[in-house]
Amino acid sequence: MRTASVGVFKVATTGPGDVSGLMAMIGSGAIDPATILAILGKTEGNGGVNDFTREYAVAALCTALAPELGLSPEAVEQRIAFVMSGGTEGVLSPHITVFTRREAERPAGMSGKRLSIGMAHTRDFLPEEIGRSAQIMETARAVSAAMADAGIIDPADVHFVQIKCPLLTSDRVEAANARGNKTATTSAYSSMAYSRGASALGVAVALGEIDSDVHDDDVLRRHDLFSSVASTSSGIELMHNVIIVLGNSASSASDFEIGHAVMNDAIDAPAVVSALNSVGLGVGLGVAPRATEGRELVNIFAKAEASPDGSVRGFRHTMLEDTDISSTRHARAAVGGLIAGLAGTGAVYVSGGAEHQGPAGGGPVAAIARLS
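Heads up: the sequence shown begins at -8 in the working numbering, then just goes up one per residue.
1. Do you know offhand how far Thr160's Cα is from Ile359's?
2. Taking the beta strand (DSSP E) that Ala360 belongs to, which residues open and close that run?
3. Considering only the alpha carbon of each residue, which of Asp259, Ala257, Arg286 lies closest to Ser269?
4. How long is the line joining the alpha carbons of Phe217 and Ala252, rounded to whole angstroms?
5. Ordered along the chain, which non-local residues of its own chain (more than five positions away) have a Cβ less than 8 Å from that of Val303?
6. Classify Leu329 as helix, strand or coil using the three-state DSSP reduction.
7. Taking the alpha carbon of Tyr340 as the point to measure from, which residue in His347, Gly349, Gly328 has its own alpha carbon closest?
8. In terms of residues, what are the limits of the alpha helix (DSSP H) holding Ser222?
9. Would you call the region 322 to 337 and the region 228 to 237 touching, i.e. three or more CB-CB distances under 8 Å?
10. Measuring CA to CA, which of Ser135, Ile291, Asn232, Ile227 is closest to Ile249?
11. Provide the residue span of the alpha helix (DSSP H) that contains Asn268, from first to last.
12. Give me, in chain order, the residues of the same chain whose beta-carbon lies closer than 8 Å to that of His206; leave out the 5 immediate sequence neighbours on both sides.
13. Give me the Cα-Cα distance between His321 and Ser219, rounded to the nearest whole angstrom.
14. For a minimum of 4 consecutive residues, which ranges assigned as the alpha helix (DSSP H) are wholly contained in the region 142 to 190?
15. State the CB to CB distance for the pair Glu59 and Pro24, rounded to an integer number of angstroms; the pair is presumed to be in contact (CB under 8 Å).
16. Would you kindly report the start and end of the unbroken alpha helix (DSSP H) that includes Val274?
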């Protein structure tokens, strides 16, 4: 099994088209562009169907990286996994997290498992397959491939699986109808949830969290079926799933480690503390988590959603009834504020829409720490 060193760099952005921070790090030699495997970003769009900040950010990054890699922008997008999550409501701050991977020798005396990353793609989906069992099973296969790419054998060592998945548009629905097929929904906005949910169930199948006997009708209905590590984000810019597996591996020579916990609801602060503790970080309210054993917080990744039963710990919430602001925007703001208060920074990755990603109303939360 090859040994690799994974690097993680968080870079603030002034807008979806801002690549100056990344290019400065490349110019200084801090990042070798040839080693970039994935870039996860938070952009200040609305996170909805018409959130073009995601596509704009990817286009800007691909254009900037193309001459550095000697490739066309289109080829850069095929080489690097880009996942842009729209919506930085409340105190959330736009930023990107860059993951690099290079071949390396594991230093003598290095103990324990370290951060590892793997990537895989599914095939393109037909519109009528989005949100259904075809997307679930293809995603499960791709997650297994990404685990192998990361050198992760034990599913228990997987702590976060980030997926970018497609959504339906009126043209895509019409294309399915022309073939005599019906889509899971005709609503573009609802299709985002179907795609996120089916993708998350694919992660759960791959990791053995649920049985593979899952059906079309289970998507968005069986809330008892979920993955504790899946984070899925849908967008208009693709028709396949991009899978990024993050975990710890004995074959990694990284200076980083990842851990996770599961939030049972949107105000589950102890779960965030548990995620930080899992990578050796204590918590100082309102300030950066206290480093122990020379550890430093790099970033926190979490999912957020409005509880589908309309309540949080017995009290009614109005996120699902607000016709002015989408419930996903409410949830991102609420969970983002909670995590920011514990992390001491608003530059955290909180993505809305947690269908089958953690228990209903909750979601996974993962933390990455740098070890000196």
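Ideal Cβ positions, reconstructed from N, Cα and C, are used throughout, including at glycine.
According to the data block:
1. 35 Å
2. 354 to 362
3. Arg286
4. 14 Å
5. Asp256, Ala257, Ile258, Gly352
6. helix
7. Gly328
8. Segment 221 to 226 is the beta strand (DSSP E) holding Ser222; no alpha helix (DSSP H) there.
9. no
10. Ile291
11. Per DSSP, the unbroken alpha helix (DSSP H) holding Asn268 starts and ends at 260 to 268.
12. Around His206: Ser124.
13. 22 Å
14. 161 to 169
15. 4 Å
16. Element bounds for Val274: n/a, residue is neither H nor E.
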